[in-house]
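Written out below as structure tokens is the structure these notes cover.
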Amino acid sequence: MEKPLPENSRRQFLGNLGAAIAALSIPASLAAAQAATDASGAPISKKTITNPYVYKFTIGKFEAWSISDGYGTFKQGVTKKMWPPAERAEMTKALVALGERPDDMTLYVNILLLRKDKEVILVDAGFGPHKNQNWGWLADAMDTIGIAFKDVTHALLSHSHIDHIGGLASGGKILFPNAAVHVLKEEVDFWRGKEPDFSKSHRTDDIKGMIKNVRGSFDTLQPNLVIHKDGDQILDGAITIIAAPGHTDGHAIFRIKSENESLLHVSDLAHNHVLMLEDPNWFIDFDHDPAVAIATRKKVFAEIAVTKERAYGFHLPWPGLGIVAPNGRKGYQWIPSTWRWDF
2 MEKPLPENSR
12 RQFLGNLGAA
22 IAALSIPASL
32 AAAQAATDAS
42 GAPISKKTIT
52 NPYVYKFTIG
62 KFEAWSISDG
72 YGTFKQGVTK
82 KMWPPAERAE
92 MTKALVALGE
102 RPDDMTLYVN
112 ILLLRKDKEV
122 ILVDAGFGPH
132 KNQNWGWLAD
142 AMDTIGIAFK
152 DVTHALLSHS
162 HIDHIGGLAS
172 GGKILFPNAA
182 VHVLKEEVDF
192 WRGKEPDFSK
202 SHRTDDIKGM
212 IKNVRGSFDT
222 LQPNLVIHKD
232 GDQILDGAIT
242 IIAAPGHTDG
252 HAIFRIKSEN
262 ESLLHVSDLA
272 HNHVLMLEDP
282 NWFIDFDHDP
292 AVAIATRKKV
302 FAEIAVTKER
312 AYGFHLPWPG
322 LGIVAPNGRK
332 GYQWIPSTWR
342 WDF
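Laid out in structure tokens, this is it:
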């Protein structure tokens, strides 16, 4: 008959066993994220996510997933974030007409993940490891799918705001070490310029801090950066990088084509599925150059409203898939794609 363990040894054994079980239950990608800290040094906790946040679909031969990296909420959204002020009453009417709350606007954060053969492509990377439970769900989602960070071969960066670039580098480390990071030259030049020009923007947050953080991210990512011009293609023409300036100087959108299917990732051309389609002249305070952003939005929406090309929006209601159609007035409407389960 075996002797029972002494109490102190028993406690140590159970403690070690619990730690081992916990380690086995943490996904590799999530463990890497949890090991990180945020900018203040606070540890990153495991996310608690109660609703679906991964949706699978296809684009020709591409497997595709829409991943929610979380969300933000704009209290007093119309009065604080949307411009011009003279149009805010009309914006409120447009939201209320569709059952939306103008004082509680959700900002969705949607990340597109693609796989074809040995290539794995991430389109923007979200916030990255973060102590805020509402942000940074990408690691959990990728583990659910079964794709590790090291498996990503290409990362497309639409622009360098924190909800897009934050997940590419953290704490001076590249989070997707094997991924070429594709970005337009105008975007890199803007942030690395001597004095990035925000004179036309209505942003009220810490611009100096933002510039410092973006420059730090680019410095970290430098070994993996691939600089592009408008119209460049990768993966034998399957993905086209298209300049769509205004939100930032080097803001890009992406067209993914395979067989006879295509999808246009419109990045940050719209931050709300009602307002910035109802009247493309309405804009958000994040835009670096509102006049240019408006012109770009009008051009792209006019095109895809005719072609009915399937679109994907980084900030449109998750999973972010749909088409843009004329609304019978001076603007457009967002028509979400119906869900499918047969992929």
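In this note's numbering, the protein residues as written are 2 to 344. Ideal Cβ placement from N, Cα and C applies to all residues, glycine included. All figures in this text were calculated on a predicted structure; none of them were measured in a lab.
Could you tell me whether the Cβ atoms of residue i and residue j are closer together than 8 Å?
i      : j      : result
Leu185 : His229 : yes
Gly321 : Tyr109 : yes
Ile112 : Asp70  : yes
Ser218 : Leu169 : yes
Val227 : His162 : no
Phe344 : Asp250 : no
Pro327 : Ala306 : yes
Asp280 : Lys213 : no
His248 : Ala292 : no
Thr107 : Thr74  : yes
Arg204 : Phe287 : yes
Lys151 : Asn179 : yes
Would you mind working out which of the options sits nearest residue i, comparing C-alpha positions?
i      : options                           : result
Glu188 : His289, Phe128 and Thr205         : His289
Ala181 : Asp125, Pro318 and Ala296         : Asp125
Pro246 : Ile336, Asp269, Ile60 and Ala142  : Asp269
Tyr313 : Ala303, Glu304, Val307 and Val325 : Val325
Lys119 : Ala98, Gly73, Gly129 and Val153   : Val153
Thr339 : Lys117, Ile254, Asp250 and Lys57  : Lys57
Asn52  : Gly127, Asp141 and Phe128         : Asp141
His165 : Thr308, Tyr72 and Lys331          : Tyr72
Asn282 : Phe63, Met83 and Pro197           : Met83
Lys62  : Phe287, Leu236 and Val55          : Leu236
Leu222 : Thr205, Phe287, Ile208 and Gly167 : Gly167
Asn225 : Gly210, Gly194 and Phe177         : Phe177
Leu157 : Asp233, Lys299, Ala303 and Lys300 : Asp233
Gly147 : Leu96, Ser202, Val55 and Leu278   : Val55
Ala95  : Phe302, Leu278 and Ala303         : Leu278
Asp220 : Arg193, Ile208, Gly238 and Phe199 : Arg193
Ser263 : Thr308, Arg298 and Met92          : Thr308
Ile50  : Lys117, Thr145, Phe302 and Lys300 : Thr145
Taking the beta strand (DSSP E) that residue i falls in, what are its first and last residues?
i      : result
Pro291 : It is not in any beta strand (DSSP E) - Pro291 instead sits in the alpha helix (DSSP H) that spans Pro291 to Thr308.
Asn111 : Asp105 to Lys117
Thr241 : Ile240 to Ala244
Gly217 : Per DSSP, Gly217 belongs to no beta strand (DSSP E); it is in the alpha helix (DSSP H), Ile208 to Leu222.
Asp250 : Premise fails: Asp250 is in no beta strand (DSSP E) and is neither H nor E.
Lys48  : No beta strand (DSSP E) contains Lys48, which DSSP labels as neither H nor E.
His155 : His155 to Leu157
Trp335 : Tyr333 to Pro337
His183 : Ala181 to Leu185
Thr59  : Val55 to Ile60
Glu262 : Glu262 to His266
Ala326 : Leu322 to Pro327
Leu226 : Leu226 to His229
Leu236 : Where Leu236 is concerned, there is no enclosing beta strand (DSSP E), given that its DSSP letter is neither H nor E.
Leu123 : Glu120 to Val124
Assuming residue i and residue j form a contact by the criterion Cβ under 8 Å, report the distance between their Cβ atoms to the nearest whole angstrom.
i      : j      : result
Leu115 : Ala149 : Not quite, the Cβ-Cβ distance comes to about 15 Å (not below 8 Å), so this is no contact.
Val267 : Ile285 : 14 Å between Cβ atoms; not a contact.
Ile240 : Asp231 : Contact flag wrong, Cβ pair sits at about 14 Å.
Lys48  : Gly127 : Actually they do not touch by this definition, with Cβ atoms about 12 Å apart.
His316 : His252 : Not quite, the Cβ-Cβ distance comes to about 13 Å (not below 8 Å), so this is no contact.
Trp319 : Ser67  : 7 Å
Leu265 : Glu310 : 5 Å
In terms of residue numbering, what span does the alpha helix (DSSP H) encompassing residue i cover?
i      : result
Ile362 : Residue 362 lies beyond the range of the chain shown here (2 to 344); nothing can be said about it.
Val97  : Arg89 to Ala98
Lys76  : Looking at the DSSP string, Lys76 is not in any alpha helix (DSSP H); the run it does join, the beta strand (DSSP E), is Phe63 to Lys76.
Arg311 : Looking at the DSSP string, Arg311 is not in any alpha helix (DSSP H); the run it does join, the beta strand (DSSP E), is Arg311 to Tyr313.
Leu278 : Leu276 to Glu279
His165 : Ile163 to Ile166
Is there at least one Cβ from chain D nearer than 8 Å to residue i's Cβ?
i      : result
Asn179 : Here there is only one protein chain, and chain D is not present.
At least 3 beta-carbon pairs within less than 8 Å: the segment 102 to 113 vs the segment 72 to 84: yes
Cβ contact check for the segment 239 to 258 and the segment 169 to 177: 3 or more pairs under 8 Å: no
At least 3 beta-carbon pairs within less than 8 Å: the segment 325 to 339 vs the segment 262 to 281: yes
The segment 126 to 137 touching the segment 86 to 97, judged by at least three CB pairs closer than 8 Å: no
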